[in-house]
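For reference, the structure is listed below as structure tokens.
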Amino acid sequence: MKISDRLTNLTPSGSDGWEIIYETDRLRRAGQEIIALTVGEHDVPTDPRILNAMHQSAANGATGYTAVGGLPALRSAIAARIARRTGVETGPQNILVTPGGQAALFAAHMAVLDPNDEALYISPSYATYPGTIRAAGGHPVEVHSDPNTGFPPPIQAIEEATQKARSLLINTPNNPTGIVYDASALAKLGKLCKERDLWLISDEVYDTMIWSGNFISARQECDPERTLIVGSMSKSHAMTGSRIGWLCGPAELIAHLENLATHTTYGLPAYIQDAAIAGFELGTEFEKEVAAPFLRRREIALAQLDELQLLKVIPPQSGMYVMVDIRETGLCGQQFATQLLHQYSVAVMPGESFGASAAGHIRIALTAQDDLLREAIGKIGEFASKLEQTKIGAK
Ligand code: PMP
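Written as structure tokens, this is what we have:
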């Protein structure tokens, strides 16, 4: 039987970019010990206070269907948080609660794209972006940023790509590069979206992990009537498995997405949503505690990587990752990551998983405990030295 083109063409290259992760799982199942610095996930479980709230909620009977757009109390809590952080008036009618930021990315594109509409996204990008746009019926168009200047927002390239586009997806703070868009870049993009009549979708799921400069939401600098913000508690509250996120946008669009939710998710578990409210009640100090290990490990990684000859580190302004330019080794990111995994039992992501602009790079997730991270980067160093010796020998 024929399976829909929508599904079979989701990842036309045949790769979803996660191959190293699948290979790591396979090797682990075969008994090999691997230090995995791949997936952006905390090395600690969700805080017991949040889990307790989840349990209490379920035990108290919150186990039935819920309002499809999200519990009113959670929508209000998210709206209040956004209003506080951006200074832009935001109410529960502007919020759709979704199963994670990923579902919010999908909802956003479902809301703004008609079949085959062009949807821009910036490369390097989070690996799911092109597939998410395709899943929503759109045609993804990759806009490149420059690896030689640390991947700044490619304003001019975006401008040149907007002729037929309906939407622009940005990601600030960025996974994988750690770039944070400043007010001036956001204002330029906001102006461009207005001139070209584009929707701006800003994925801000790393907004609590800022290491230098300030975080500014696109909701602040761009017209809120054409701007959609993707948020999540996965990274800020170490709740990746709870699948809880949101989309913030104009009330009319959110109302249509509630209708879509009726025909897709039919709402989220109330006990997860109650746990999310409890998570927000822990305040910004808690968010800082969740983020702290990544700043500490950033320093560890930068100090160790700085000593390596062939590798050029791009110090991240934010997030859970460090990007390393490995082009001097002569290997592509895929070859580097595959050889590192098989020869040194360390798993990192090849840059190619994040789009063509990140080719010749690797992304190291700072998601292992400090000592393991030191050990893994030591092994990356050994591998880089071996490559250097080979290079010298070949001269
Ligand atoms: N956006 C970015 C940039 C991400 O890195 C991730 C997860 N790694 C997501 C969205 C989706 O996160 P979640 O669905 O867990 O909220």
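Residue numbers 619 to 1013, in this note's numbering, belong to the letters of the sequence shown in order. Note that the Cβ used here is the ideal one computed from N, Cα and C, for glycine as well.
_By the three-class DSSP mapping on this structure, what secondary structure does residue 620 have?_
Coil.
*Can you pull every residue whose C-beta falls closer than 6 Å to some heavy atom of the ligand PMP, listed in chain order?*
Listed along the chain, these residues meet the criterion: 658, 718, 719, 720, 744, 789, 793, 821, 823, 850, 852, 858, 863.
*Kindly provide the ranges of any alpha helix (DSSP H) runs that are 4 or more residues long and lie completely inside the stretch 748 to 801, ordered along the chain.*
If we require 4 residues or more, the alpha helix (DSSP H) runs fully inside the stretch 748 to 801 come out as 773 to 779.
*Could you check if residue 688 is buried or exposed, using at least 16 other CB atoms within 10 Å of its CB as the buried criterion?*
Buried.
*Could you tell me the boundaries of the beta strand (DSSP E) in which residue 818 lies?*
Per DSSP, residue 818 belongs to the beta strand (DSSP E) from 817 to 821.
_For residue 966, list the residues DSSP reports as bridge partners._
DSSP lists 655 as the bridge partner or partners of residue 966.
*asked:* According to DSSP, simplified to helix, strand and coil, what is residue 735?
replied: Correct three-state label for residue 735: coil.
*Minimum length 3: unbroken beta strand (DSSP E) runs contained in the stretch 689 to 737*: Entirely contained in the stretch 689 to 737, the beta strand (DSSP E) runs reaching 3 residues are, in chain order, 713 to 716.
*alpha helix (DSSP H) segment containing residue 939, residue limits*: Note, residue 939: premise wrong, no alpha helix (DSSP H); beta strand (DSSP E) at 939 to 943.
*Tell me the start and end of each unbroken beta strand (DSSP E) in the stretch 822 to 909 that is at least 3 residues and wholly inside, in chain order.*
If we require 3 residues or more, the beta strand (DSSP E) runs fully inside the stretch 822 to 909 come out as 845 to 850, 863 to 866.
_Could you check whether residue 816 and residue 869 sit closer than 8 Å to each other, using their CB atoms as the reference points?_
No, these two residues do not count as a Cβ contact at 8 Å.
*Ordered along the chain, which non-local residues of its own chain (more than five positions away) have a Cβ less than 6 Å from that of residue 857?*
Around residue 857: 664, 851.
_Less than 8 Å between the C-beta atoms of residue 788 and residue 741, yes or no?_
Judged by their CB atoms, residue 788 and residue 741 are not nearer to each other than the 8 Å cut-off.
*Within its chain, find whatever has a CB closer than 7 Å to the CB of residue 958; leave out the 5 residues flanking it on each side and keep chain order.*
Annotation for residue 958: 964, 966, 998, 1001 place their beta carbon closer than 7 Å to its own, counting only its chain and skipping 5 residues before and after.
*What separation, rounded to the nearest whole angstrom, lies between the Cα atoms of residue 618 and residue 960?*
Any question about residue 618 goes unanswered here, given that the chain covers just 619 to 1013.
_Residues sharing a beta bridge with residue 981, DSSP_ = Beta-bridge analysis with DSSP links residue 981 to 941, 967.
*Mind checking residue 633: buried by the 16 CB within 10 Å criterion, or exposed?*
Result: exposed.
*Would you identify the three-state DSSP class for residue 936, choosing helix, strand or coil?*
Strand.
*With distances taken between CB atoms, is the gap from residue 694 to residue 893 smaller than 8 Å?*
A distance of 8 Å or more separates the beta carbons of residue 694 and residue 893.
*asked:* Let me confirm a value: residue 901 is counted as buried when at least 16 other C-beta atoms fall within 10 Å, else exposed. Which label applies?
replied: Per the 10 Å Cβ criterion, exposed.
_Between the alpha carbons of residue 642 and residue 971, how many angstroms are there, rounded?_
Using only the alpha carbons, I get a separation of about 15 Å.
*Using beta-carbon positions only, say whether residue 979 and residue 948 come within less than 8 Å of one another.*
In this structure, residue 948 does not lie closer than 8 Å to residue 979 by Cβ.
_Suppose the cutoff is 6 Å on Cβ atoms and the five residues either side in sequence are ignored; what does the same chain contact list for residue 700 look like?_
The residues 708, 866, in chain order, have a CB closer than 6 Å to that of residue 700 in the same chain once the five nearest residues on each side in sequence are set aside.
*Burial state of residue 648, where buried means 16 or more other Cβ atoms lie within 10 Å*: It is exposed - the Cβ of residue 648 has fewer than 16 other Cβ atoms within 10 Å.
*Based on the DSSP secondary-structure assignment, which residues constitute the bridge partners of residue 931?*
BP columns for residue 931 point to 942.
*For residue 675, which three-state DSSP category applies?*
It is helical.
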